[in-house]
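Written below as structure tokens is the structure these notes are about.
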Ligand SMILES: [Zn+2]
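In our numbering, the protein residues as written are 51 to 104.
Now the structure itself:
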């Protein structure tokens with residue numbers, strides 16, 4: 051289910067919920083995925099970390 055959850059999160063957070071920015075990289079934001087966490091940050095200050103259940 052891991053891949054499915056990650057895919058769902060990426061879709062959900064493709065656009066920053068605060069400012070609508072969809073770009074990552076070059077200091078505009080980032081998506082960081084580890085084994086059990088999904089983190090989305092944005093240049094507007096938005097940051098969210100979601101635990102991915104196994
Ligand atoms: Zn933003």
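Glycine included, C-beta positions come from ideal geometry on N, C-alpha and C.
Name the two residues that bound the continuous alpha helix (DSSP H) containing residue 57.
52-62
Skipping 5 residues on each side, what residues in its chain have a beta carbon closer than 6 Å to that of residue 63?
90
Quick one: give me the first and last residue of the beta strand (DSSP E) that residue 92 is part of.
87-92
Is residue 96 close to ligand 1? I mean its beta-carbon at under 7 Å from any heavy atom of the ligand.
Within the cutoff, so yes.
Taking the alpha-carbon of residue 69 as reference, which of 60, 79 and 101 has the nearest alpha-carbon?
Closest option to residue 69, Cα to Cα, is 79.
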